[in-house]
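A.B. asks: Numbers given in the working numbering equal positions in the sequence shown, counted from 1, plus 3. In this text, a Cβ means the ideal position worked out from N, Cα and C, and glycines have one as well. None of these values were measured; they are calculated from a predicted model.
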Amino acid sequence: MTVEKNTGKRRKGIYLLPNLFTTAGLFSGFYAIVSAMSGNFENAAVAIFIAMIMDGLDGRVARLTNTESEFGVQYDSLSDMVCFGLAPSLVIYEWALRDMLGDGWIWGKMGWLAAFIYTAGAALRLARFNTQVAVVDKRFFQGLPSPAAAAVLAGLVWMCSDLGIKGQTLQLPVLILTTLVGILMVSNFRYYSFKDVDFKNRVSFMKILLVIPLFVFTSIDPPKVLFIVFLIYILSGPVYTLSLLRRKRKERLEE
């Protein structure tokens with residue numbers, strides 16, 4: 004009888020299924036950049052939303068199929084930087100901020116600086132998330148998540164393209180929004196993560212019925228609905244954090 008020796012060597016390679024979703028998201032982010040450079044801003048905005056869907060699926064697929072890996076974590080983070088850091092800033096710059104060069108060199112610099120603030124904010128947000136993932140409260144994000152930040156900018160571009168509104172007519176509001184979103188990503192405002200929602204266990208039949216109006220409502224006018232939903236989510240962080248601080252201050256005064 005022969006006995007096989009355990010050499011202790013790890014099998015080389017990566018898990019295919021979750022990384023396929025990550026690659027699909029990365030492709031969507033790259034396609035958004037190419038579309039914006041070609042002037043197809045509506046396609047670029049939709050591609051960013053597709054990247055969001057892929058980003059939401061890859062981690063869940065890895066956990067459900069027990070194919071989580073350190074490689075997958077790092078690959079997902081790099082993909083997020085492209086999809087939610089570079090792509091939205093370049094799309095919004097090409098759509099509205101680039102034409103600020105015609106208003107003088109100062110306004111032109113402010114345009115690309117706003118886009119850079121957003122990109123830097125996304126990079127810093129992802130770096131902080133990666134270093135604090137083991138110690139933070141899973142129920143909340145510290146700072147605005149980069150996918151939500153990207154969704155607001157992409158939603159604005161998609162909505163305005165659908166309405167026939169040119170980015171040049173909204174240069175100042177876009178400049179302010181892009182800068183604020185970049186700052187919110189590195190802020191200490193707390194945003195609900197939805198990670199405590201259990202998708203695996205059984206739920207009542209009525210809860211499933213409640214989901215149907217949500218899909219119907221979104222399908223009526225996706226650009227407007229998505230932009231408004233994510234704009235409300237952006238505002239929820241400062242509102243929740245300030246109300247929490249006010250409540251804690253009130254409790255200290257009552258002691």
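On a CA-only basis, which of G240, S207, A48 and L183 is nearest L229? Give me that one, please.
C.D. replies: For L229, the nearest C-alpha among the options comes from A48.
A.B. asks: So, do the stretch 167-179 and the stretch 237-249 have three or more beta carbon pairs nearer to each other than 8 Å?
C.D. replies: Cβ pair count under 8 Å is below three, so no.
A.B. asks: On the CB-based measure, 16 or more other CB atoms within 10 Å of its CB, does T68 come out buried or exposed?
C.D. replies: Exposed: under 16 other Cβ atoms inside 10 Å.
A.B. asks: Per DSSP, which residues does Y194 bridge with? Please list them.
C.D. replies: Per DSSP, F144.
A.B. asks: Is P241 close to chain C, meaning its C-beta is less than 7 Å from at least one C-beta of that chain?
C.D. replies: Any reference to chain C falls outside this structure, which holds one protein chain only.
A.B. asks: What residue ranges within the stretch 39-117 form continuous alpha helix (DSSP H) runs of no fewer than 4 residues, ordered along the chain?
C.D. replies: Correct list: 44-67, 73-84 and 90-95.
A.B. asks: Do G185 and Y236 have their C-beta atoms closer together than 7 Å?
C.D. replies: No, Cβ-Cβ distance for G185 and Y236 is not below 7 Å.
A.B. asks: Can you check whether the CB of D83 is closer than 7 Å to the CB of L20?
C.D. replies: It is not a contact, given that the beta carbons lie outside the stated cut-off.
A.B. asks: How long is the line joining the alpha carbons of D2 and G167, rounded to whole angstroms?
C.D. replies: No information on residue 2 is available, as it lies outside the stretch 4 to 258 that the chain covers here.
A.B. asks: Could you check which residue in Y18, S190 and P225 has the C-alpha nearest to that of V64?
C.D. replies: Nearest of Y18, S190 and P225 to V64, Cα basis: Y18.
A.B. asks: Taking the alpha-carbon positions, what's the I51 to A125 distance?
C.D. replies: The straight-line gap from Cα to Cα measures roughly 15 Å.
A.B. asks: Cβ of S149 within 7 Å of Cβ of F220?
C.D. replies: For S149 and F220, no; Cβs fall outside 7 Å.
A.B. asks: Taking all protein chains shown into account, decide if R142 is buried (16 or more other Cβ within 10 angstroms of its Cβ) or exposed.
C.D. replies: R142 comes out exposed.
A.B. asks: Which word fits I95, buried or exposed, when buried means at least 16 other C-beta atoms lie within 10 angstroms of its C-beta?
C.D. replies: I95 comes out buried.
A.B. asks: Tell me whether Y18 sits in a helix, a strand or coil according to DSSP, three-state version.
C.D. replies: Coil, per DSSP.
A.B. asks: Please report the straight-line C-alpha distance between C144 and G59, rounded to a whole angstrom.
C.D. replies: At residue 144 the sequence reads Phe, which differs from the Cys that was named. Spanning the two alpha carbons is a distance of roughly 15 Å.
A.B. asks: What's the C-alpha gap between L234 and M113?
C.D. replies: Cα to Cα, the separation comes out at about 23 Å.
A.B. asks: Among residues of its own chain, excluding the 5 on either side of Q135, which ones have a beta-carbon nearer than 8 Å to its beta-carbon?
C.D. replies: The residues are Q145.
A.B. asks: Go ahead and pull the three-state DSSP assignment for R252.
C.D. replies: Here R252 sits in helix by DSSP.
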